[in-house]
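Those protein sequence lines, which keep their order, are chains A and B. Whatever position you read off the first sequence (first residue = 1), add 55 for this note's numbering. Whatever position you read off the second sequence (first residue = 1), add 201 for this note's numbering. Just below is one structure, and these are the notes that go with it.
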Amino acid sequence: MLELRLLQGGLLKKVLEAMRELVTDANFDCSRSGCSLQAMDSSHVALVALLLRSDGFDHFRCDRNRSMGMNLNHVAKLLRCAGNDDIVTLKADDDGDTVTFMFESPKQDKIADFEMKLMDIQSEHLGIPEAEYQAIVKMPSQEFARICRDLSTIGDTVVISVTKEGVKFSTKGDIGSANIVCRQNTTVDKPEESTVIEMKDPVSLTFALRYLISFTKATPLSNTVTVSMSSDLPMVVEYKIADMGYIRYYLAPKIDE
Amino acid sequence: KPKQQTISRFFAPK
């Protein structure tokens, strides 16, 4: 028996919206410790890793480890039938091939359940080694989204460089070029509005902007985003999910041959 | 022109 209950159903909607553009089908792996997902986009350039710890749920029961294959667009559509304040419960039998989403209104005067067929998805888990990153930038998530969107008006590739001076985002295209520099800024009143740069060594990497724009669909999940980079490693773009875990996106760089 | 790498170049199956 699997039973996951979340008072803030809206959170689950945001999680699905953050993944469905990048990944179509994925396995939700549930165990006593929580729910996780690891999947690559169809071109294997980006990887998304989601973790929702069991202690972040209002009720979490998972008697047996389960890997439940779902079409993320179908789940996202289904969750759109829930109100943002609805309590969402996921239920699945140990041997069943369906999952039930139950939506309860906050006043408990409306209860809906939607049953969805599970899919058999063959996917292998990749081992993601622990790495010491050369540069880690924490910044407001809306600012990061804005930068990616603004640069995409000029080019389709971004060079992200971290130096002592700050983090520089550069692009070039047919109509011209653009540079946006963000300096460390920790003097603002609210920590979620600050930009913090931890740099061991300067680093400069090139990425396809369209993936970064897909990642920024996670912006509603967190006020801040953390970007970690090292030469010859995929960058990591992490959005924390309050009290529950994270969604991390790994993006392979473009490399000169 | 820089060439797009894939994730499998960096991470191996478990």
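From the three backbone atoms N, C-alpha and C, an ideal C-beta is built for every residue, glycine too.
- When DSSP states are grouped into helix, strand and coil, residue 84 (chain A) belongs to the strand group.
- DSSP, reduced to helix, strand and coil, places residue 128 (chain A) within a helical segment of the structure shown.
- Counting the other Cβ atoms within 10 Å of the Cβ of residue 85 (chain A) gives 16 or more, which makes it buried.
- Setting aside the 5 residues that flank it on each side, residue 114 (chain A) is surrounded in the same chain by 60, each with a C-beta closer than 6 Å to its C-beta; the list follows chain order.
- Around residue 218 (chain A), the same chain offers 254 and 257 as residues with beta carbons nearer than 8 Å, after the five sequence neighbours per side are excluded.
- Counting only runs that start and end inside the region 223–264 of chain A, the beta strand (DSSP E) elements of at least 3 residues fall at 232–237, 251–254 and 258–263.
- Contact check for residue 299 (chain A) against residue 111 (chain A) passes: the beta carbons are separated by less than 8 Å.
- Around residue 307 (chain A), the same chain offers 100 and 289 as residues with beta carbons nearer than 6 Å, after the five sequence neighbours per side are excluded.
- The region 175–187 of chain A makes no contact with the region 202–222 of chain A, as fewer than three CB pairs between them are under 8 Å.
- Cα atoms of residue 151 (chain A) and residue 264 (chain A): separation of roughly 41 Å, rounded to the nearest angstrom.
- When the beta-carbon positions are compared, residue 294 (chain A) and residue 208 (chain B) stay at least 8 Å from each other.
- Boundaries of the alpha helix (DSSP H) harbouring residue 200 (chain A): 196–206, taken from the DSSP string.
- Here the C-alpha atom of residue 230 (chain A) lies approximately 14 Å from the C-alpha atom of residue 205 (chain A).
- Taking the Cα of residue 96 (chain A) as reference, the smallest distance to any Cα among A:90, A:77 and A:274 is reached at A:77.
- The beta-carbon of residue 309 (chain A) is placed less than 8 Å from the nearest beta-carbon of chain B.
- For residue 95 (chain A), the neighbours in chain B by C-beta distance under 7 Å run, in chain order, 208.
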